Structure formats: C-alpha cells, structure tokens
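Visitor: In my numbering, the protein residues as written are 1 to 564.
Every residue gets a Cβ at the ideal spot worked out from N, C-alpha and C, and that includes glycine.
Because the structure is a prediction, the values reported are computed rather than measured.
Quick one: the structure is below, and I'll ask about it shortly.
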DNA sequence: GCCGTTTTCGGCCCGACTGTTTTCAGTCG
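This is the structure in structure tokens:
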C-alpha cells in the first residue's frame, strides 16, 4: 500500500520529501526479514528506520483493519492503469500527469494509441522526439522487468571481464551494481574500468562477438545487449576516480544516499568523481574505495552489505561483521551421487572435492519415497554406506561423510527409520511434496522433523525455486527459535534457483543463534562450484566464519556431530 | 513524513543526459 501511495502521490504532485519518506519506509519494511505484526506487537514500529509517528500509525491501521483509509481514498480517484504508465521508461510522474490531464491517457494502451496518432508531440513541453522515445519505451518495457539469476549474471560477466582485461588500455576493472553486491537476481550487468584512453575500450567492447545489439555508445559509457538477451553497461573513468566511481556504481542507491548524507554533515561532498570539501571543492579522496570510506571516518564496507541495512551505522561504531570468505570453506554439505539422481560416482565427487581443497564432503542422496529422484531404498542405502566406508579407507586428504536428504513426509515423520539414520554421519531433512499445506501445517511438520534426534540439517527451508515456485509459507520465528535451541543447522542451499534460506532470513535466523551449512545440492561435478553462491548469501546475511559448520576442520566437525 | 556528530525546525544525495519551454525541468541511475 505504501509503494502504491508513493506512485499515486508522485503523479498527484505531492510534496517530494513526503513521498520520499514513504518510499524509504516502504523499502525498509520490505527488507525487515521479520513479520511486521510481531514488531507492532512489541510496540517497536518506530525503531524501523524511516518509520516515524505517521507511518507507524498507518501500519497499525493496516494491521488492525486490513485497510488504510487514506490509501483507499487516494485509489478511488485513480484510474487503475495510470500507475502502470510511469513504469514505461521515459515516462515519469510529471509526464504521466500531463498526459492524463490533457489527453485522458490512463493506461499503457491509451499511451501507445496516442503516440501512434502523434497526439503527444503537440503537448506543451513534449515533442516529436519524446513521442518516439515513449513508443520505444513501451516496446522494451516488458523485457525490462525480467531479472536474471545471480548465477547467470556471473557466468555472463566473467568472460567479458577476461576479454576486457586483455586490452592494454584497461587499467583497473571491476564488476559493479547489484552483481557486485551479489544480489540473488540482477537487472543488468555493470562493469567499471579505469583508463586514460576510454575510446579504444568502448570500441573493442561493442565489437565483442557476444554482442547482439548496441543500445548506446558514448565516450565513457556504452550499453549492449548480448545474444542471450542480457544487457551489459560498461563505464570508463579516470584512474583517480576509480574508487569513488566504484562506490557509486556498486550502490545500492540507498547506501549511496546515506553515504552522501553523512558526507554532507562532515562538510564534504561525495560524487562518482571523488570526495570533495564543500568549501573550495578540493578533492580529498577518490582513487580507491578504502580512501573514500576513510575520508568519511568509516572502514571499507564489503559490497554485499551495502544495502542501507545498518552497515553504515555498524561501520561507524567499528562493528562490521568479519564476513565469512570462500577460502574459509572446508567442505560441501549437500551433494548427490549417481546412487540417486546425480550424474557422478561417489569416487569422482570425492576426487573433485579434494581438488577444491576440501577436507570433507557429505554425500546426501534422496530417500526412498522420492521416486522421481530415484530415492534410495533401505537396502541400497546400506550398500552405499558400506561402499563409502571402504572408499574412505583408500582415500587420502578427504573424508566422504555418509548422509541422506531424507524426505519430511506430510505428517512430519521421516522417510527412513531411526535405526538407519543413526548409521549416517549427517542427516539432512527436507520437504519435497505437499507444498500447498497451510502455514501452520508446514511449520508443525518441520518442527516435528526437528524433534528427531538424528536430524542435523534442514535443507532448503522454504522450498522456493526462483522463477518457478514460490516459497512455501512457514512461521520463521518458530523455526528459527527451534533451530537455535536444538542446534539443528539450517541450510543455505546454493543451487542457483534456490538460494534458500535467502539473505534476509539468514540474517534474521542468526539473531536466534542458528548455525548454518552451505550445500551446493550439486547433481553434477561442475555444480560444486556453486558453493560460491552460498557464500554470497551467507555474506549478505552478515554471517561470520563461526556461524557456518562448513568452516570447521574435519575433526571439529566430527566433534560437533557427536555432541549433537 | 522523518530526523538530529550542526539542528525539535529546516532541511532532505549527486550528477548525466535529453529535449525543449532558450534557461531548465524531467527522468534516470
């Protein structure tokens, strides 16, 4: 409701600062990672940044009545299609208002008709060019909405950066934007380079073989669409501004705003060119990110934290988390072999894991009920355990841990009897069916599974598949609390479509004392590399080394498993 | 409407680009 109010008020032409206040509040509420009703119950609404007396009152009204009078009233006077118009590129609130007042345009369809009939160019302030841009905007506006998975963006950007690095004119180069922050979905790919000769770089970039279409080509900025549809923006700045530009292009937008507000209070000004004194405009930083943050009295902030979710305040107090690193990871907790629906033999997986420098790996095939994934019968599981023990005798430098991804059946019971679970090193429990159960049912179901003393990990706790399946509804607070209490770890599933738990829930769960494991859910050797995605989620969830079981050495992990 | 390492009142990030109304408003990131 707040978001919609923002759009309606923009078109209405309300006070911009009031609108921005709503916007800020809406964004922070969206990123809570906790049920707002719980916060309201504790009477702590105003502890949410950007939520003051006014917004708190509105939230209380919504929670109490399910409605917001102010919103309903606003909406009544609004044609339903009008808000969509500002989602067309080139059309903002002012233009939308003008088009509505003068031409009665109240939907994208109306807009297209009017543009094609050349009615727009006759309006005061608009012209033929704008009319043309609007038509183009309508064309691409559908496509723009699609965001790609982090995994896809990473696979696309790496070869491009490698190509660019080969150019002698390129000095420094980095990914930027939401990709560098490792958000789970990416709109378009941003790359930043520094050079004193941007022209040559631009030219080489737009002629890369992967490029299908050149969207814009300038002196220091070009945009292309690749053959697979991804949009890539490349920007070149002078070496002395690289750090400031990297801060700026990495974002997030709200992080940048807060940084600049902070600067202002210190009589400084931050832009993509550097940090300047307000008086006299003397440049005092810009070459590196460290320099930029330092000039504001802050330590360098890892990109994954730059979401204006308290990282600046934490940095100010020198309380930033020491985020877990990929190199801290000693093993993978969730791998499938060709005993169930995986592609590779346990021996090959073990060798690949050893080559990655791991100390251990958990082979966790599906359980008997999951026929679609060739779940293992009791008989086969016994055989598999035996085989792994034999394999470990001949294997140096890595230990294969016996595991299973055991189905949590719809009544909350497990798909294997206790006696065989007790034989396994690691028991992972997960839901693979009955997603449509009620929130209460699903929550109770998982809690019941957590009541089994052999369970070590709950895998992909919300079951989502980005782009294909919504997360199922569970009472996070109850599950996090129980996980904290029992020390049953929650998985950060690193499969590209899953990333489940997600960053927000990870951060929330940590506050309950929850431990986590990263598992790639790999079904083929190349997917072992996805551990990196899991580490990104962990970092975005503010996790430190100690929060993850994956960082334990083999002996420490074995101690942990015994203790449980 | 929110907020306080200037402030309980008076501010609220910064700059590029575009097109059009020739000096700047609107949009975008």
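Give me, in chain order, the residues of the same chain whose beta-carbon lies closer than 6 angstroms to that of residue 323; leave out the 5 immediate sequence neighbours on both sides.
Guide: 302, 539, listed in sequence order.
Visitor: Does the stretch 250–259 come close enough to the stretch 203–215 to have 3 or more Cβ pairs within less than 8 angstroms?
Guide: Cβ pair count under 8 angstroms is below three, so no.
Visitor: To the nearest angstrom, how far is it from the Cα of residue 395 to the Cα of residue 558?
Guide: If you take the alpha carbons of residue 395 and residue 558, they lie about 17 angstroms apart.
Visitor: Any contact of the stretch 510–519 with the stretch 165–173, i.e. 3+ C-beta pairs under 8 angstroms?
Guide: Segments in contact, no.
Visitor: Are residue 115 and residue 134 touching if we call contact CB-CB under 8 angstroms?
Guide: Cβ distance < 8 angstroms, so residue 115 and residue 134 count as in contact.
Visitor: At what residues does the alpha helix (DSSP H) containing residue 114 begin and finish?
Guide: Start and end: 108–116.
Visitor: If you scan the stretch 376–430 from start to end, which runs of the beta strand (DSSP E) of 3 or more residues do you find wholly inside it?
Guide: Whole beta strand (DSSP E) segments, 3+ residues: 399–407, 426–430.
Visitor: Output the distance between the C-alpha atoms of residue 497 and residue 466, rounded to the nearest integer angstrom.
Guide: The alpha-carbon atoms of residue 497 and residue 466 are separated by roughly 5 angstroms.
Visitor: Report all residues from its chain with a CB closer than 8 angstroms to the CB of residue 219; omit the five preceding and five following residues, and keep chain order.
Guide: Result list for residue 219: 198, 199, 202, in chain order.
Visitor: Counting C-beta neighbours from all protein chains within 10 Å, is the total for residue 389 16 or more, i.e. buried, or is it exposed?
Guide: Classification of residue 389: exposed, given that the 10 Å Cβ count is below 16.
Visitor: Distance, Cα to Cα, residue 417 vs residue 448?
Guide: About 15 angstroms.
Visitor: Below 8 angstroms on the Cβ atoms is my guess for residue 270 versus residue 260; work out the distance and round it to an integer in Å.
Guide: Confirmed, Cβ separation roughly 5 angstroms.
Visitor: Among the candidates 501, 262, 358, whose CA atom is the shortest distance from the CA of residue 473?
Guide: Ranking 501, 262, 358 by Cα distance to residue 473 puts 501 first.
Visitor: Run the CB neighbour count on residue 296, radius 10 Å, all protein chains shown included, and call it buried at 16 or more, exposed below.
Guide: So residue 296 counts as buried.
Visitor: When we look at the beta-carbon of residue 408 and count the other beta-carbons within 10 Å, is it buried (16 or more) or exposed?
Guide: Buried, by the Cβ-count rule.
Visitor: For residue 231, does the three-state DSSP call read helix, strand or coil?
Guide: Residue 231: strand per DSSP, three-state reduction.
Visitor: List the endpoints of the continuous alpha helix (DSSP H) containing residue 243.
Guide: Taken as a continuous stretch (DSSP letters only), the alpha helix (DSSP H) holding residue 243 covers 242–250.
Visitor: Along the chain, where does the beta strand (DSSP E) that runs through residue 476 open and close?
Guide: Not the beta strand (DSSP E): residue 476 falls in the alpha helix (DSSP H), residues 476–486.
Visitor: Return the Cβ separation of residue 195 and residue 187 in integer angstroms, given the expectation that the two are a contact with Cβ distance under 8 angstroms.
Guide: Not quite, the Cβ-Cβ distance comes to about 25 angstroms (not below 8 angstroms), so this is no contact.
Visitor: Buried or exposed, going by whether 16 or more other CB atoms sit within 10 Å of the CB of residue 17?
Guide: Under this definition residue 17 is an exposed residue.
Visitor: Does the stretch 80–97 touch the stretch 50–67, meaning 3 or more C-beta pairs lie closer than 8 angstroms?
Guide: They do not touch, by the three-pair rule.
Visitor: Taking only runs that begin and end inside the stretch 262–311, name each unbroken beta strand (DSSP E) of 3 or more residues, in chain order.
Guide: The qualifying runs are 268–271, 274–277, 283–285.
Visitor: By the 10 Å Cβ neighbour count, where 16 or more other Cβ atoms means buried, how is residue 336 classified, buried or exposed?
Guide: It is buried - the Cβ of residue 336 has at least 16 other Cβ atoms within 10 Å.
Visitor: How far does the beta strand (DSSP E) with residue 175 in it extend, from its first residue to its last?
Guide: Where residue 175 is concerned, the enclosing beta strand (DSSP E) stretches over 173–176.
Visitor: Could you tell me the alpha carbon to alpha carbon distance between residue 4 and residue 556, rounded to whole angstroms?
Guide: Approximately 51 angstroms, taken between the alpha carbons.
Visitor: Are three or more beta carbon pairs between the stretch 365–380 and the stretch 531–545 nearer than 8 angstroms?
Guide: Taking 8 angstroms as the limit for Cβ pairs, the verdict is that the stretch 531–545 does not touch the stretch 365–380.
Visitor: Find the nearest neighbour of residue 570 within the set 534, 348, 78, 359, judged by alpha-carbon distance.
Guide: A query on residue 570 cannot be resolved here, the shown segment of the chain reaching from 1 to 564 and no further.
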